[in-house]
Each structure stands twice: as C-alpha cells, then as structure tokens.
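The sequence shown lines up with residues -17 to -1, 1 to 289 when you count with mature numbering (1 follows the signal peptide of the UniProt record, and there is no 0).
Let me begin by presenting the structure, written as structure tokens, before commenting on it.
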Amino acid sequence: MAALLAVVAVWPAVGSAAPSVPVQQSFASPEAARQALVDAVQHKDHGALARIFGPVAVELEPGDPVEQAAEFDHFSRHVQEGVGLVREGETKAVLVIGAKKWPFPVPIVKRGDTWQFNMEEGREEIVNRRVGHNEVLAINVCRAYVDAQREYYAMAEPDGEQLPKYAQRMISRPGRKDGLYWPTAAGEKESPLGPLVAKAKEEGYMQKRPAGDHGPRPYHGYYFRILTSQGKNAPGGRFSYVVNNNMVAGYALVAYPAKWGVSGVMTFIVNQRGRVYEKNLGPKTAEIARRLKGYNPDLTWKLVDQ
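What follows is the structure, encoded as structure tokens:
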C-alpha cells in the first residue's frame, strides 16, 4: 500500500531537475482525470504529475529521492495492471489500482463544473502510510546497529589494533575496517552491517556520490548518526564513551526523519542496552537532532515496544 502514495510526490527520480509547480489542473470528468494520471505515470512525465496534483504535493515530497524513485517504479507496475474508477455519489470518485484494486488515497471531486484530485482529503492518509512504514524500518535499523556494535567489539582486531572497542563510524574509510561496514571478497566473512548495507544497495542506496556531495543521506526517510557520549538522564550519568580516541565505554545512535511529518514523525535513540526510545521533537526535529550530543533520554522519551 505504501507504494500507492508515491505518485503524489511528483518530483523526478535521482539526478533530475525538479519542475516548477503550476496551478492544479482541472478535468471535464473523473474519467479524464484518471486517464491523465495513467498517461503521466506511464510516460514518467513529472511535469504532468505536478499539474495534476498541484502545490499541495510539494509538501508531501519525502526528502529521500531513492525511496521516492523506488516507490514510483512500484506504483508504475501497479498501474500497468489496470486503473479502475468507482463513483461515490454525484461529486466524488475513487481510483482503484492494480490487480488487487487498492483504493488510491486521493479522491477525484467535483468543484463547480470540473473535477480535480482532492489533495487536502488525501494528505493525512498519504502521510500515515509512509510514516508508519519508515518508522518501523528506522526502529529495525536501531536494533541492527546494536547487534552490529556487539559483533564488532567481539571481533579480533578488525582495525589492526589490539584493543576491543566499538566503531565510531557506520561505513569504514577506504581500505580500513574502522566502521561497521566494509566491502568483503567472495568467501570472506561479512562485516557487521554487511547484510543491511547489501539490502540498501539492492534498493538503490549507497550509490557513488557526485563531486562535492558530502552531506548525510537518508535511508527510507531517516537519518542515522552515532552518538559517542551520554547525558545525566542515562543510567550511570554523564560521561563520554570515547577514551584515548577509542570508543570503549558504550555506544548509541539517533535516528530522525529527513522531513518531519512527511517521511517520519518520531525520533529514536538506542544505546548498548538495546532499548529503543522514541519522542516527537516537532517541526524543528532536524535542528534539535543535529544538536544532540549524546544519549540522554528523560521521562519524555517513551520505550518502543519490543
């Protein structure tokens, strides 16, 4: 179901320029609106999609171009299976997508003498579908991180130093094993995050970056950052996990949405105890999460169900 919302994020796939968003297009009938959507999806005409859905669609762009491109491709495959139209009275119609006839979350409504896709009505369902999917994945990544750090600590000198420690990087620097992931040869034991990274690559993540692109990139709508200390609210109080440049006293991670309210709502944190906590940091989530220096959940953070 999550893939059915992707089409309303009208921006092109990775590497394309985003079109301007014109006034939303109107149609003579629901059937004409249905056909316009089918044609735009089949031809990957993002400019046409922008006209079909209008300015509200901009707010629903998820901030993760890889996820968006994958969702769009998935939606296109459903469209190839067929797009039906179900009338609901004299002023509303709903599209049913694919062989399983999933209802499209944005209805077509009559406004005056013409018809439009009602983005306002579909907005909440669109966001709920994406957010639920991405938050579950973010929690799973937090738990995979805990397991990966435990495995890294137990490895025999992964970085060549005779000191058990935790990794301060997700991805190792070239030619080194100082992160939780590094490339391995056939028959060689995978790195601790190897399975997760392999899945990410299959989904289109981990692609080579263009020159000058050094910023973080989201994974399924979430950013992930290793924390190297903890605050006064954590068990044991405030201290750094790093001693003499080696992270030996613990480890933690924060996961926060790339676009609050669209790609995710909750921010998640976890440390070596493996308990994932969540909190809604609100519209300033990105700013607050980037300033977060350590693992420090107070009573406003709630434990995520196992």
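Glycine included, each C-beta is placed from N, C-alpha and C at the ideal position.
Beta-carbon to beta-carbon, F58 and F100 are separated by about 15 Å, too far to satisfy the 8 Å threshold.
A Cβ-Cβ contact shorter than 7 Å links G247 with E118. In the DSSP assignment, L286 is bridged to Y260. Secondary structure note for N216: it is in no alpha helix (DSSP H), with a DSSP letter that is neither H nor E. By a beta-carbon distance limit of 8 Å, K160 contacts P141. Their separation comes to about 4 Å.
Across the structure, L120 and A82 are spaced so that their CA atoms are roughly 27 Å apart. With a cutoff of 7 Å on beta-carbon distance, L68 and P13 are scored as near each other. Beta-bridge analysis with DSSP links N229 to V226.
Just measuring C-alpha positions, the residue of D47, V253, V39 sitting nearest Y206 is D47.
Residue environment for V6: exposed (fewer than 16 other C-beta atoms within 10 angstroms of its C-beta).
Separation of L43 and G105 (C-alpha to C-alpha, rounded to the nearest whole angstrom) is 11 Å. In this structure, the alpha-carbon of K191 lies about 13 Å from that of A183.
Note on geometry: alpha-carbon atoms of E173 and A127 lie some 14 Å from one another.
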